[in-house]
Structures are given as structure tokens and as C-alpha cells.
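In the numbering used here, the protein residues as written are 298 to 1034.
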């Protein structure tokens, strides 16, 4: 029988042990005070699991019977009906697994904070005691909250205040409520056991101790939620209103990605009638990144949200299959930058305007003038109607007008023209002329573009049999034209999150802005981490302008300086390299609290690809040491893909010796072990230990791109960093370290 236990949080095997509080001994009065509440909510969660787990078993048995039913049916219609029931049971199983996992998360760590709040308008003068957690829980007998959802308005008091304080407030559905925060308490809870209690007081270090304890325990597995440690500035961004765009400029490790995901979860909770999981979109830089962040939203009780790279999203919009492929022709970065620029957007707008006018002039009908006139009226009055719909409505109008004039003249003879055939002919003409791939190619046959750029682009736009190729920078302009022709309604999303936006083009951002309903989008990035040439975005001000042109909304801007990911030693090492190369207006990362090992610089006579076995063995011993110290992920970062391939061939044979998987960058899953990646693929990720391979002049020149690559590589490390360079290369002198 097919079972689904492998999809459950492993804690399900230990439920009885976890809820057995009979052997608890209190180490201090605070634990004695707090354990009764923890026990109460844990037992309530167990009751829910006692219902859900047997229900999963029942559904598994039903699924098995349905499989037998499908196999037994010979009639095609009956077999189809049986399959439909099978799919319904499978959907119910998926929902049940999600519910069980949410309950297991709640059982493991039901809450992380507590506030005691006395409202000014309290009649009884009895303070409210509220425990803050991922999921709400209400006492069925008293109807009082046992746990308050972290997204609720009153939980804002917890995040916005470092300790007890008078005159605090939150915005409730009935309006602003003021009062006094009497107590703020923070918990470390795992497997329903209190590991630490911190009484936060304004001006003391308890809050810092709690944050430090959480950061020290982080290991480089998939990205996790940060509900327990959301800082005040992060909280402000997460709780921003909707219906306008938000841009976040954040240094490496400042929590940009987690803010995006928590903001989405907050918006689902706060505005359920406006946005939900089915009408939202997350744009991510690559497939490994998508896997890396895949657990955050489910851990927050949010089911699957479309998370795509721009490439996959754009191909979905265009309706393209695998016969449309990226060209392998050599890139010209200057031309590539131009085709992603704001100037190119203006060219696309003018080209489409001219194309539209010519298209209307050549309508294959004697009523072309009437159709064109009506088309323009509709465009002015109903801007949200797409081009094809305008044509259809204008054509219907023209025929209605003609019939009306014939009737007034008393002409009631049978018409010789077949109206439906003419309408179909007109629409077929429009569809043929608005083939997006051909329409875009025609741009480069016009006088709007220089001959050099046209020749270069046409080399990438080739059509052979069913295969059509395109350069990667041509995809967004084709989407832009597609939205001009077919409108944005069909592709509209109630909310769009864009991560690692610093490496996107202005045309890409324009297309996404066009489909963000009411300007509902949050864009996050770091200009210092722009490592994919040709570096479109030099300033966020230009992004504000592009977004406003397409959403008609002003942008809210936030700048994050604190790095929560890595140690003070690693941040200071990164800043020494970076500060000489980037504008003084860029504020360098500020390390938060945590100290660790000094950065190690290993000097060798040769590049790794040319090393003898003894030198390679020394690196292997260091990697083994990192794993013995508790690392679960160690990244060996290469300059580019070819460099990564060479390193993989060298280190793969040592897999048994280090007793860990050696993972190639072509794999899309974020896994534990030794991951060998080009720096570009590691962008946005983090690892317990990082080794930068061959940080010498053979791979990293004294230019801005090399410095940015090194900066990104360095700031991937959570706990340990080693830089391998070449003896005599003067790495330390070249990069001021």
C-alpha cells in the first residue's frame, strides 16, 4: 500500500514522548511559572494529531482501493470516473499531510514570545497575557487565546518594543488601542521543552542574548522562518500596507529573502479577500535558490505559491514550449545592456505604436476606416482591453453600423457578403501579424535599431524547422510586446515578490510591473551583489521610475544595513575588500553580535586544478575538519562554471573519505555535503563553511566584477571561511586584507 509517512515531519514518531511532561524538573522559578501553559497547548495539539494521523491512514486505504477500482474497470468512462475520485482522494491526502506537519511544527515549538499588555481602556485593569507563535490557538472552554498568531495586529507590540514600555499602541480592527507593555518574554522551545527564557527589558542585553542564541544555532540547511527573531526594521517592512510597490536594498545577510516570504505570509493573513496562494508569484534567480527557500512558506502555514525564475515565467506568458530555446551564440555585453535598458523600452513603445497604426490601415475589409476609428475610441475609453479584444469589438461595431445604414435605406435584400467569414478573415489577419516572435524580429529589420545591434540580434533569432532560438535578453522585450497585444489581465497577479533584483534588466522589471495588480509588488536586492554582467541597475532611483511608469504608483523604499548571517570577523574581512571599490554612498554591512573563527588564508604554489595530490589532500583534511566541527554544508566556490566543473572532477573521488556527498552545481536541489558551485549560483544562499577556490589573479582581476564576486562568495559563510590563493600573488595586498 502506498504510504505518505515519508512526507511527515519526523517528530510524528515521538509524539507520546514529547507530550509526556511527568519527568520535567524545573531548573528555575521562571520554568516553573511557564511550563503549565506549554503543557496545556501541547496536549491540545496532540488531540488534533490523534485525529489527523488515523485520518491519513484511512485516506491511504481509500486510495489503495481506488487504485484497485481503476485497474478493474474496463469501460473507458467508468475508468475515467474512477481516476477522478482517485485524484480527489490524493488532493485530500496532500491537505492532510500539510495539516499534520503544521501541527507537528506547533508541537515542537508552539510559541516563542509572550507579552503582558495593559490597555488604557481596560475596565477590569487586568492585563492581557498573550503568547506569540506561528499559529493561533483558542481555548474552546473560555474562548480566550492560548497562542496569538505572529501576524495579528497586537503581536506588533512584541516586535516593535525591546522591553517594557508605557504608551505603546497597536492598530486593531476597531481602531488604535494604547496601553502599557508590562512584560516582554522570549523563549527557546524545542520538542516542547524550554531551552531558554529571556526577560527583555528596555536598555538591557536580554534581547541581544536571545537573538545571539538563535543565530549561533543556525546551520546551513534550507532557509527557515525567522518569526522568533524578526527585528523592528524587518517588521516594519513585513507589515507595510498593500496597493503600492516596495523596494528593499539590503546588504548580504540582512534577511531580504526571509522578509519577502514573511511579508507574503503576513499579507495572506491580513488581506485574505485580496490576495492568496493561487494569485501570487515569487520570481527567484535560479532553481537551487527555489529549492533553498521551499520550506519557509509551508512552515508558516502557507501552501504552495508559484515560485519561478524569470525565464520560466516569461515562457509561460508567451505560451512557449521546449522548441523555443536559448541561443548559444556569443554574447555582446554592450548590446545586451542596451536591450535591457529604459531607452530600449521607449523604442519598443514607439515601434508598437507605428506597428499598430500600420496594422489598422491594412485591415482586409472595405470597413477598415470604421474599424480603426472605433478601435481608437475603445483604446482611449477602456485602456484595460487588450488589442485583440478591441479589434473584435470594433469589427462587430462596424458590421452593426453597416446593417443599420442598409436598414435605413430600405435595403432588405440578402447580402452577398458573408459577414462571419469577413470577421474571421479580419481576426485571422490580426493574429498572423501579431505573432510575437516574428513581430520582434521585424523590429530589427526596421530603422529603429542600429545595423550592428540588428545583425547581432538576428544571429540569435533563428528559425529551423520547429526550433526557434532567442538570446536571453530578447525574452523580456518579447513579453513586453506580448502584453501590449494581449493585455495584462490574463497574467495579472494580486502580489509579486522579486528577489535578487539587482541582476534584472529594466525591461524585465517593466513586464512584471505591468502584471502586478494595484502595484502590489516587493522588490529586493543589493547593488553590491550585482554579479551578472552587464549590470543594468546602477541606482534604485531608476527602478522607482520604471515601476511608476507601469503601475502609476510611488515606491516605498527601505535600506537594511545589519548582517545577521555571518560573524563579525567575516563581515570585517569582506568590508576591507569592498570599501575601496564601491561608491562611498554605499553603506557597508554592520556585523551583528556574533564572533567566530578568524578568516583563514591558505597560500599554495599552484591553482587547485594544477595541484599535486598532497596539496589537494590538505584541502580535503580541512573540509573534514569543518564537518567534524558541526558543518552540514560546505561550499567550494569557483569563479565560473568551467572552473566549477574542473573542481568537481578533482574532489568527487574523495566523497568516501570526507563521508559526505560531493554535489555538482548542475543539481537543482540545495543539499547537505560539499557543494561545488560557481559564485553566481551561490548568490542568495548560505552555507556553514565556505572555501573560495583560487582567489588569485588567474581568476580574479583588480576590477569591480572580481571584487563583487569575492564579496558575494565571502558573505555566503555562516561560521567559517577559508580563502585559497597563490603564493606570490599578493592577494592580501591587492584586496587590502
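For every residue, glycine included, the Cβ atom is placed at its ideal position computed from N, Cα and C.
Are there 16 or more other CB atoms within 10 angstroms of the CB of residue i, so buried, or fewer, so exposed?
i           : result
residue 400 : buried
residue 641 : buried
residue 326 : exposed
residue 448 : buried
residue 771 : buried
residue 993 : buried
residue 501 : With a pLDDT of 49 at residue 501, under the threshold of 50, the modelled position of that residue is not reliable, and the figure given next carries that caveat. The residue is exposed, with fewer than 16 neighbouring Cβ atoms inside 10 Å.
residue 948 : buried
residue 977 : buried
residue 532 : buried
residue 991 : buried
residue 711 : Model confidence at residue 711 stands at a pLDDT of 44, short of 50, so the residue's coordinates are unreliable; what they give is reported in the following sentence. Exposed, by the Cβ-count rule.
residue 304 : exposed
residue 777 : buried
residue 700 : exposed
residue 452 : buried
residue 762 : exposed
Let me check understanding here. Comparing Cα to Cα, which of the options lies closest to residue i?
i            : options                 : result
residue 426  : 419, 432, 413 and 850   : 413
residue 433  : 424, 420, 494 and 408   : 408
residue 924  : 535, 614, 1016 and 645  : 1016
residue 528  : 508, 315 and 513        : 508
residue 580  : 818, 933 and 999        : 818
residue 733  : 619, 775 and 320        : 775
residue 898  : 440, 801 and 916        : 916
residue 822  : 808, 802 and 813        : 802
residue 321  : 777, 685, 883 and 491   : 491
residue 894  : 908, 687 and 865        : 865
residue 867  : 319, 1013 and 300       : 1013
residue 970  : 625, 516 and 545        : 516
residue 1004 : 903, 874 and 439        : 874
residue 943  : 760, 908 and 920        : 908
residue 998  : 1030, 557, 906 and 439  : 1030
residue 574  : 794, 982, 831 and 747   : 794
residue 721  : 748, 634, 688 and 744   : 688
residue 455  : 369, 497 and 302        : 497
residue 335  : 871, 460, 488 and 752   : 488
residue 740  : 1019, 888, 388 and 645  : 645
residue 578  : 484, 788, 647 and 650   : 788
residue 589  : 1018, 769, 982 and 1001 : 982
residue 591  : 614, 520, 612 and 647   : 520
Looking only at its chain, what residues have a beta carbon closer than 7 Å to the beta carbon of residue i, apart from the 5 residues adjacent to it on each side?
i           : result
residue 576 : 790 and 791
residue 713 : A caution first: residue 713 carries a pLDDT of 47, below 50, which makes its placement in the model unreliable, though a value can still be read off. Cβ within range, chain order: n/a, list empty.
residue 458 : 465, 478 and 481
residue 691 : 668, 671, 672 and 675
residue 311 : none
residue 850 : 541, 542 and 816
residue 912 : 901
residue 980 : 582, 797, 826, 828 and 1009
residue 300 : 357
residue 349 : 393, 396, 397 and 400
By Cβ distance, which residues of its chain are closer than 8 Å to residue i, with the 5 residues on each side in sequence left out?
i           : result
residue 598 : 399, 431, 432 and 562
residue 505 : 890
residue 375 : none
residue 379 : 363, 366, 367 and 370
Please work out which residues of its chain come closer than 6 Å, Cβ to Cβ, to residue i, disregarding the five sequence neighbours upstream and downstream, and give them in chain order.
i           : result
residue 928 : 985 and 986
residue 617 : none
residue 314 : none
residue 905 : 990 and 991
Flag residue i as yes when its Cβ comes closer than 7 Å to any non-hydrogen atom of the ligand FMN, and as no otherwise.
i           : result
residue 338 : The model depicted lacks the ligand FMN and carries no ligand whatsoever.
Pairs of beta-carbons, one from the region 1021 to 1028 and one from the region 946 to 962, closer than 8 Å: are there three or more? Touching, no, given that fewer than three Cβ pairs across the two stretches are closer than 8 Å.
For the region 868 to 885 against the region 556 to 571, do three or more pairs of beta-carbon atoms, one drawn from each stretch, fall closer than 8 Å, so that the two count as touching? no
Do the region 437 to 457 and the region 371 to 385 meet, that is, are 3 or more Cβ pairs less than 8 Å apart? These segments do not touch.
Evaluate the contact criterion for the region 841 to 854 versus the region 805 to 814: three or more CB pairs, one atom per stretch, below 8 Å. Short answer: they touch.
Please give me, in chain order, every unbroken run of the beta strand (DSSP E) with length at least 3 that falls completely inside the region 387 to 449. Counting whole runs of 3 or more residues, the region 387 to 449 contains the beta strand (DSSP E) stretches 410 to 416, 425 to 430 and 442 to 446.
Contiguous alpha helix (DSSP H) assignments of at least 4 residues, all confined to the region 606 to 632: 607 to 615, all fully within the region 606 to 632.
Report the start-end ranges of each alpha helix (DSSP H) in the region 750 to 784 that is 4 residues or longer and not cut off at the edges. 769 to 783
Do the region 820 to 837 and the region 593 to 613 make contact, defined as three or more Cβ pairs closer than 8 Å? no
Would you call the region 656 to 664 and the region 719 to 736 in contact, with 3 or more CB pairs under 8 Å? yes
Spell out a yes or no on whether the region 965 to 975 and the region 935 to 943 are touching, meaning 3 or more CB-CB pairs, one atom from each, closer than 8 Å. Yes: at least three Cβ pairs fall under 8 Å.
How do the region 541 to 559 and the region 856 to 863 stand: do at least 3 beta-carbon pairs fall below 8 Å, yes or no? yes
Would the region 585 to 600 count as touching the region 624 to 635 if we require 3 or more Cβ pairs under 8 Å? At 8 Å Cβ cutoff, the stretches do not touch.
Ordered list of beta strand (DSSP E) runs contained in the region 966 to 997, each at least 3 residues: 970 to 975 and 984 to 989
At 4 residues or longer, what runs of the alpha helix (DSSP H) sit wholly inside the region 895 to 925? 910 to 925
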